[in-house]
Amino acid sequence: MRQTIQQHRVVVIGAGYTGASAAGRLARRLRGEDVSITLVNAEPDFVERVRMHQLAVGQPLRPRPFDEMFAGTGVELCLGRVTGIDVDRRTVTVTGEDGASDLEYDTLVYALGSAWNPQGVPGTTEHAHEIAGRDGALRLRDRLAALAPGSPVTVVGGGLTGVEAATELAETCPDLDVSLIARGGLGDWLSPKGARHLQKVFGNLRITTHEHTTVLAVHADRVTTTEGDVPAAVTIWTTGFAVHPIARATTLETGDTGQITVDATMRSLSHPDVYAIGDAALVTGPGDKPLRMSCASGVPTAWQAADAIAARLTDSKLPTISARYFNQCISLGRKEGLIQYVTADDRAVNAALTGRLAALYKELVCKGAAWGVANPTMGLPTRRRRVTAKRARVGVPAA
Numbered sequence: 011m012r013q014t015i016q017q018h019r020v021v022v023i024g025a026g027y028t029g030a031s032a033a034g035r036l037a038r039r040l041r042g043e044d045v046s047i048t049l050v051n052a053e054p055d056f057v058e059r060v061r062m063h064q065l066a067v068g069q070p071l072r073p074r075p076f077d078e079m080f081a082g083t084g085v086e087l088c089l090g091r092v093t094g095i096d097v098d099r100r101t102v103t104v105t106g107e108d109g110a111s112d113l114e115y116d117t118l119v120y121a122l123g124s125a126w127n128p129q130g131v132p133g134t135t136e137h138a139h140e141i142a143g144r145d146g147a148l149r150l151r152d153r154l155a156a157l158a159p160g161s162p163v164t165v166v167g168g169g170l171t172g173v174e175a176a177t178e179l180a181e182t183c184p185d186l187d188v189s190l191i192a193r194g195g196l197g198d199w200l201s202p203k204g205a206r207h208l209q210k211v212f213g214n215l216r217i218t219t220h221e222h223t224t225v226l227a228v229h230a231d232r233v234t235t236t237e238g239d240v241p242a243a244v245t246i247w248t249t250g251f252a253v254h255p256i257a258r259a260t261t262l263e264t265g266d267t268g269q270i271t272v273d274a275t276m277r278s279l280s281h282p283d284v285y286a287i288g289d290a291a292l293v294t295g296p297g298d299k300p301l302r303m304s305c306a307s308g309v310p311t312a313w314q315a316a317d318a319i320a321a322r323l324t325d326s327k328l329p330t331i332s333a334r335y336f337n338q339c340i341s342l343g344r345k346e347g348l349i350q351y352v353t354a355d356d357r358a359v360n361a362a363l364t365g366r367l368a369a370l371y372k373e374l375v376c377k378g379a380a381w382g383v384a385n386p387t388m389g390l391p392t393r394r395r396r397v398t399a400k401r402a403r404v405g406v407p408a409a
């Protein structure tokens, strides 16, 4: 009788920027005969989340099918929604067209990410639109297309998503009356130069701004705020993100936000066979501050997790990737942009790039992010390593 060595089963759930990057990078680090890599996602193609405001105003986006992106890599796509995780039995329940089934894993990479956050404001889920995902952006696109000229559209949220949504909409649909509601001042997190440019662009696009205003309720035709009612044939809600709730339903250790607590290699503090990346992970960055939910934060965590998994399976030296910030890239329509340079812990410094050059810079960043998903080792040559025998999964004894 002898034992058979079976493939180590890696299951990656969620195929956004982080999940897809992690799966592709792992496939380039490990030999296919030693490891199976299954990527679970509800859609068959990659969604460029940073472009959802463009999709919402009717701009076509280039399709990016996963079967082309991962052709020849050994990554297997499993289409379906994750509806359950049992981290003690090491199974993921996936529900697809043929019903629910369980996937067993030896290592799980949790990359389910985040969605919009209604924050419990009355009427938001019933009447507001969101652009945190493709389905929401498409619903908003159809609603905007049906509006009569002069209709009021109100964006709630003065952060990066709200600013990009408001300017894209005002530029593409100048016949609509666009306004933005911000809890603080417009661009108050930017440097003085950055804030001045943002205010200038808003003025040129004739966007009405309600600053230092809190939304109390959303209705079908208006938004009620601390400063009175704001007309809104359409309300777009962009006040931050909330992580997928499924982690809290497991025995994984999570923080107050529902994010999974991890160590420096993105490994779960409570379950060492689980890695969390991107918005799903509670990661401490420079200045002992949690990394914000963003593509800029998420991709380095995907690289770190993939490289750490590969190192542990091959008994190699654990790598360290330092997550830090360099700039905030903001599109202000297709013709204007703002690149705000920041400290490592994401505080604005007195340097910013503005105008057409900044718009081109942001477009290159968006294209580069999508290219990076298909090329997770950044085009550099890689050597696929063998999984060591003591790390391999031992199968049922064979005759």
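Going by our numbering, the first residue of the sequence shown is number 11, and it counts up by one from there. For every residue, glycine included, the Cβ atom is placed at its ideal position computed from N, Cα and C.
Just the C-alpha distance for residue i and residue j, rounded to the nearest angstrom, thanks.
i, j, result
"A369", "E174", "12 Å"
"A227", "A243", "14 Å"
"I217", "S341", "15 Å"
"V50", "Y120", "10 Å"
"A274", "G24", "21 Å"
"C376", "G26", "14 Å"
"T182", "T364", "20 Å"
"L374", "I331", "23 Å"
"D98", "G238", "51 Å"
"T28", "C305", "8 Å"
"H139", "C339", "24 Å"
"A158", "K345", "25 Å"
"H222", "V166", "12 Å"
"G133", "L292", "30 Å"
"D55", "E107", "17 Å"
"K210", "L262", "47 Å"
"V85", "D77", "9 Å"
"Q17", "A155", "51 Å"
"R73", "V22", "Checking the sequence shown, residue 73 turns out to be Pro, not Arg. Rounded to whole angstroms, P73 to V22 spans 22 Å at the Cα level."
"R394", "K327", "15 Å"
"P75", "L87", "11 Å"
In its own chain, which residues sit with a C-beta less than 6 Å from the C-beta of residue i, not counting the 5 before and 5 after it?
i, result
"T105", "G90, R91, T93"
"A66", "I141, A147, L150, R151"
"G197", "A205, L208"
"D112", "T101, T103"
"Y371", "I349"
"G195", "E221"
"T234", "L226, A227"
"R277", "Y285"
Would you decide whether residue i is buried or exposed? Buried here means 16 or more other CB atoms lie within 10 Å of its CB.
i, result
"E178", "buried"
"P329", "exposed"
"W381", "exposed"
"V131", "buried"
"A361", "exposed"
"A259", "exposed"
"T398", "exposed"
"F336", "exposed"
"R366", "exposed"
"M388", "exposed"
"G109", "exposed"
"G213", "exposed"
"T248", "buried"
"A33", "buried"
"G347", "buried"
In its own chain, which residues sit with a C-beta less than 7 Å from the C-beta of residue i, not counting the 5 before and 5 after it?
i, result
"R396", "R41, D44, T324"
"L36", "V20, I47, A316, I319, A320"
"T392", "R38, R39"
"V359", "S201, Y351, V352, T353"
"R302", "D356"
"T236", "T223, T224, L226"
"K299", "D355"
"H137", "V228, H229, A230, T245"
What do you reckon, are the CB atoms on residue i and residue j nearer than 9 Å?
i, j, result
"L190", "G172", "yes"
"I246", "T135", "no"
"G123", "G308", "yes"
"N127", "G288", "no"
"G265", "A354", "no"
"G410", "R357", "With the chain covering 11 to 409 only, the question about residue 410 has no answer from this structure."
"A286", "V272", "yes"
"H220", "A192", "yes"
"V240", "P162", "yes"
"G168", "D187", "no"
"A52", "H254", "no"
"A290", "I270", "yes"
"L215", "G343", "yes"
Apart from the five residues just before and just after residue i, which ones in its own chain have a Cβ nearer than 8 Å to its Cβ?
i, result
"G378", "none"
"R100", "E114, Y115, D116, L118, D283"
"L71", "E58, R61, Q64, L65"
"S31", "V309, A312, W313, A316, G382, V383, P386"
At a cut-off of 8 Å, is residue i close to the ligand SAH when judged by its beta-carbon and the heavy atoms of the ligand?
i, result
"V45", "Ligands are entirely absent from the displayed structure, and the ligand SAH is therefore not among its contents."
How about the region 69-84 and the region 278-297: do they share at least three Cβ pairs that are nearer than 8 Å? no
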